[in-house]
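Numbering (my numbering), first residue to last: 106 to 473.
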């Protein structure tokens with residue numbers, strides 16, 4: 106934001122009135138867009154675990170080598186996400202959160218739809234994984250701008266006393282997107298034989314994203330900017346404040362920025378172990394059926410969705426730090442119990458392990 110003294114949300118007072126009556130509408134718009142973008146982002150993670158290794162890297166020496174190659178393309182999205190956050194953060198400060206979120210939802214939708222249209226390695230050779238990497242970068246770049254903008258839009262509209270609860274709602278939309286992706290893939294794996302699922306069935310899940318994007322874009326055209334944002338932007342324009350560049354912000358606030366980066370780094374490790382590595386581990390080590398794996402994740406996403414808002418509410422009462430710290434410690438300790446539970450090969454024990462892991466991760470993620 107281009108202001109002389111950055112305005113913090115905890116220093117702002119949201120005045121009750123017509124703006125407050127539209128809070129639920131703002132939350133719904135943010136959640137719908139986040140559902141769309143995380144449906145597509147998680148869809149890639151699951152497809153990388155189950156399909157992409159064989160489809161885009163058939164010359165790998167072993168199945169595990171193909172999966173590793175597919176996950177390397179998955180990692181491209183994580184390189185793109187901070188870049189997208191920086192670029193769209195600047196755009197959002199100047200043009201507004203609403204316009205930024207409209208652009209990001211279109212970008213991620215187009216990239217995901219085109220992924221479903223890509224021919225495999227056997228058709229166009231190395232162009233297939235190359236195009237996959239390019240589309241993955243675009244997808245990650247857009248998601249990087251989406252999540253922060255969605256949370257800010259809600260936070261800037263929220264009352265002080267319940268900001269943790271309301272701001273956790275966009276984060277609660279993440280497991281909903283994951284849930285939809287899992288449902289679509291699970292349905293296709295049940296309907297189609299394994300050969301057809303690997304050949305073309307997985308593409309349907311990517312094409313479905315086009316319809317969800319249209320819905321999300323429409324809803325986002327009917328939201329308004331937060332009064333606190335409009336006030337800060339007007340003040341900056343009146344004062345002719347100089348906009349801070351990225352390097353200048355890092356120089357002025359190094360402790361806060363790198364602390365937040367470190368927390369997000371650790372938190373994401375826990376989350377992606379749940380949604381990605383668990384699939385690979387159970388499928389390659391214990392030869393679990395695809396449908397069983399997706400069913401376990403399905404239950405975990407439901408638990409994740411239910412826990413996040415309650416953790417956000419708890420953070421309004423106890424504070425952000427104690428709740429985050431509890432989730433981080435419990436999540437780190439839980440790893441020592443989770444894998445022995447996976448090794449039991451008992452479906453109910455495995456589902457319980459994934460759900461508990463997701464609940465601990467929620468304690469960190471709900472207060473991002």
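C-beta atoms are modelled at their ideal positions from N, C-alpha and C, and glycine is treated no differently.
Other residues of its chain near residue i: CB distance less than 6 Å, five sequence neighbours each side excluded
{"i": "residue 128", "result": "262"}
{"i": "residue 324", "result": "134 and 137"}
{"i": "residue 418", "result": "270"}
{"i": "residue 193", "result": "205 and 250"}
{"i": "residue 158", "result": "171, 172 and 175"}
{"i": "residue 120", "result": "Its pLDDT being 41, under 50, residue 120 is placed unreliably by the model, and the measurement read from it follows with that caveat. None."}
{"i": "residue 169", "result": "389"}
{"i": "residue 277", "result": "410, 413 and 414"}
{"i": "residue 140", "result": "278, 281 and 282"}
{"i": "residue 241", "result": "178, 181 and 182"}
Where residue i sits in the DSSP three-state scheme
{"i": "residue 459", "result": "helix"}
{"i": "residue 230", "result": "coil"}
{"i": "residue 264", "result": "coil"}
{"i": "residue 198", "result": "helix"}
{"i": "residue 88", "result": "With the chain covering 106 to 473 only, the question about residue 88 has no answer from this structure."}
{"i": "residue 421", "result": "helix"}
{"i": "residue 449", "result": "coil"}
{"i": "residue 466", "result": "helix"}
Same chain, Cβ closer than 8 Å to residue i, five either side skipped, listed in chain order
{"i": "residue 442", "result": "458"}
{"i": "residue 464", "result": "408, 409 and 412"}
{"i": "residue 446", "result": "454, 455, 457 and 458"}
{"i": "residue 354", "result": "362"}
{"i": "residue 365", "result": "none"}
{"i": "residue 186", "result": "245, 246, 248 and 249"}
{"i": "residue 304", "result": "none"}
{"i": "residue 466", "result": "372, 375, 376, 379, 409, 432 and 436"}
{"i": "residue 517", "result": "The chain is shown from 106 up to 473; residue 517 falls before or after that span and cannot be answered."}
{"i": "residue 487", "result": "Residue 487 lies beyond the residue range present for the chain, which begins at 106 and ends at 473; the question has no answer from this structure."}
{"i": "residue 315", "result": "214 and 218"}
{"i": "residue 163", "result": "171, 225, 226 and 227"}
{"i": "residue 288", "result": "403"}
{"i": "residue 237", "result": "157, 161, 178, 220 and 223"}
Residues near residue i by beta carbon distance below 7 Å, same chain, minus five either side
{"i": "residue 233", "result": "161, 223, 224, 225 and 226"}
{"i": "residue 383", "result": "459"}
{"i": "residue 131", "result": "258, 259, 262 and 328"}
{"i": "residue 385", "result": "154 and 172"}
{"i": "residue 400", "result": "291"}
{"i": "residue 461", "result": "439"}
{"i": "residue 286", "result": "144, 147, 148, 151 and 310"}
{"i": "residue 322", "result": "207, 210 and 211"}
{"i": "residue 190", "result": "249, 250 and 253"}
{"i": "residue 404", "result": "456 and 460"}
{"i": "residue 416", "result": "273, 428, 467, 468 and 471"}
{"i": "residue 243", "result": "212 and 216"}
{"i": "residue 196", "result": "205"}
Neighbour flag for residue i against chain C, beta carbons, 8 Å
{"i": "residue 139", "result": "The structure shown contains no chain C; it is built from a single protein chain."}
Within the stretch 127-181, ranges of the alpha helix (DSSP H) (whole runs, at least 4 residues): 128-152 and 158-161
Counting beta carbon pairs with one atom in the stretch 395-405 and one in the stretch 212-224, are three or more of them shorter than 8 Å? no
Report the residue ranges of all alpha helix (DSSP H) runs contained in full by the stretch 264-328; include only those spanning at least 4 residues, in chain order. Runs of the alpha helix (DSSP H) inside the stretch 264-328: 268-296 and 307-325.
Can you give, in chain order, each stretch of the alpha helix (DSSP H) that sits fully within the stretch 356-400 and has at least 4 residues? 359-377 and 383-390
Counting Cβ pairs closer than 8 Å, one from the stretch 143-154 and one from the stretch 171-178, do we hit at least three? yes
Does the stretch 193-201 come close enough to the stretch 261-279 that 3 or more CB-CB pairs lie under 8 Å? Result no; under three Cβ-Cβ pairs closer than 8 Å.
Segment contact, 8 Å Cβ cut-off, at least three pairs: the stretch 422-435 with the stretch 282-297: When Cβ pairs closer than 8 Å are counted between the two stretches, the stretch 422-435 is seen not to touch the stretch 282-297, the count staying below three.
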